[in-house]
Every structure is written in structure tokens, then in C-alpha cells.
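In my numbering, the protein residues as written are 196 to 402. Structure record follows, encoded as C-alpha cells.
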């Protein structure tokens, strides 16, 4: 595991995506770190935030860190694969009172008003969602404001092209959900102990 080869294959198995081939012969620390860095870069690309964990920790054979990393990794992708409807529900609950209708992670976001609405969810009355401006300008304002106020990474270009990719929009909107959870934790004074930041799955209602 510490050479990064098997972890590379595990990532491919879980996600179904192809990573760059790892170096199959790893006699040196440099090669092991290179393999492991590929894995970390992939997770960063998918907006999975690792806290207090470095490639060197796994390469050095830290068993506790490695097992915890694998468990949370599987948990993350399990949550994410089944999260579209719960996240849409969260968006609907918070955006519908503003007169915004969100039914998907593509067309509902094109005019930029829903993005502005999410900014207002985190900080009320920050942006005017009814202002009559071009859609691209509205999206740009929303993305720049979210980055400035909440450090939310602008995964989406403010042009319309990436809005056809529901996965990119999902990942971007998910950052607002994560920030909202942290705000709620602070308001309720709940302790934070997050290594990989993931939304909790919706619990079924008891009859």
C-alpha cells in the first residue's frame, strides 16, 4: 500500500476513472511519493479535502492513517454516488423561498440566480438575485463573491460550457452545503472532527 500502486488501483475501482499508470517498480522514496501524489491530486480534483494527511504519511507506513484514509475514501464515494437527490432537496428547501426553482444540476443554474441564492443562504442579502444583468455576468459575480467570502473554489467557468456537466455543478454546489454544515455546527457548538469533508446521507423517516 505504501508504494501507491495498490491505492492507485483502489481509486480506479471505486470511481471507475482511469488515473495515470503508477510506477510499477518503486525502489526509491521519490517514486513512491510520486505515485501517492497522483492519488492525492486526483482526490483534490474531485473536491475531496484531506485534513492533516500527507502522501508521506502513507508512504511511511502509518497504519492508522492509512486505514482511516481508506475507510473515509470509500465512505466519501458511497455518499457522493447517492447524494444527488438529497443535495437537490437541500437546494430546493433554501432557494424556493427566494422564488428559485432547482430541479437538476444543469439547466437550473444557467441564469446564475441559483448560485446567487446559495451565496445568500450562507450570508443573507449579499446579492440581488432579481437584478437585470446578463447571465454570464451574474454567474461571475456569484462565483467571485463565494470565493471571496467563503473561500469556495470556483470549479465552474463563468461561461456556460461547464454548466452542461452535472458532476462539476454538483461538486461546486456541494461546497456550499459543506460550508453551511460548518456554520450550523458552530451555531450549535458541536465539535468538529472532520478528516474528509462529506455531506451526511439523508436518514429514512421512521413510520
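Just so you know, even glycine gets a beta-carbon here, dropped at the ideal spot from N, CA and C.
* Asked: What separation, rounded to the nearest whole angstrom, lies between the Cα atoms of residue 347 and residue 259?
  -> Their Cα atoms are separated by approximately 30 Å.
Subject >> Neighbour-count burial assignment, residue 254, 16 or more Cβ in a 10 Å radius >> reply: By the C-beta density criterion, residue 254 is buried, having at least 16 other C-beta atoms within 10 angstroms.
Among 299, 294, 242 and 329, whose alpha-carbon lies nearest the alpha-carbon of residue 358? The shortest C-alpha separation from residue 358 is found at 299.
**OP:** Could you name the residues of the same chain whose beta carbon sits closer than 6 Å to that of residue 311, not counting the 5 residues immediately before and after it, in chain order?
**Re:** Close CB contacts of residue 311 within its chain, under the 6 Å cut and outside five residues either way in sequence, are with 322, 324 and 337 (chain order).
Pairwise C-alpha distance: residue 288 and residue 228:
Each residue's Cα considered, the two are about 44 Å apart.
- prompt: Apart from the five residues on each side of it in sequence, which residues of its chain come closer than 8 Å, Cβ to Cβ, to residue 366?
  reply: Cβ within range, chain order: 241, 242 and 350.
#### Entry: Beta-carbon proximity of residue 369 to residue 295, cut-off 8 Å
Result no, Cβ atoms of residue 369 and residue 295 do not sit closer than 8 Å.
Delimiting residues of the alpha helix (DSSP H) encompassing residue 334: Per DSSP, residue 334 is one residue of the alpha helix (DSSP H) stretching across 330-345.
| message | Rounding to the nearest angstrom, what Cα-Cα distance links residue 344 and residue 265 in this structure? | response | Their Cα atoms are separated by approximately 32 Å.
Cα-Cα separation, residue 317 to residue 378 = One alpha carbon belongs to residue 317, the other to residue 378, and they sit about 8 Å apart.
Please report how far the alpha carbon of residue 292 lies from the alpha carbon of residue 248, in whole angstroms. Computed Cα separation, rounded: 40 Å.
How should residue 234 be labelled, buried or exposed, when 16 other C-beta atoms within 10 angstroms of its C-beta is the threshold for buried?
-> By the 10 Å Cβ count, residue 234 comes out buried.
Through-space distance from residue 309 to residue 371, alpha-carbon basis:
Going from the Cα of residue 371 to the Cα of residue 309 covers about 12 Å.
- Message: Buried or exposed, going by whether 16 or more other CB atoms sit within 10 Å of the CB of residue 303?
- Response: By the Cβ neighbour-count rule, residue 303 is buried, with 16 or more other Cβ atoms within 10 Å of its own.
| Residue closest to residue 252, alpha-carbon to alpha-carbon, out of 231, 238, 354 and 236 | The candidate whose alpha carbon is nearest that of residue 252 is 231.
Start and end of the alpha helix (DSSP H) containing residue 236?
Note, residue 236: alpha helix (DSSP H), 224-240.
- Query: Just checking my contact of residue 411 with residue 237 at CB under 8 Å: how many whole Å lie between their CB atoms?
  - Reply: With the chain represented from 196 up to 402, any question about residue 411 goes unanswered, as that position is not in the structure.
*Give the DSSP-derived three-state secondary structure of residue 278 in the structure shown.*
DSSP places residue 278 in coil when its eight states are reduced to three.
Can you tell me where the alpha helix (DSSP H) with residue 315 in it begins and where it stops? Note, residue 315: alpha helix (DSSP H), 308-317.
- Item | Three-state secondary structure (DSSP) of residue 193 | Outside the displayed span of the chain (196 to 402) sits residue 193, for which this structure offers no information.
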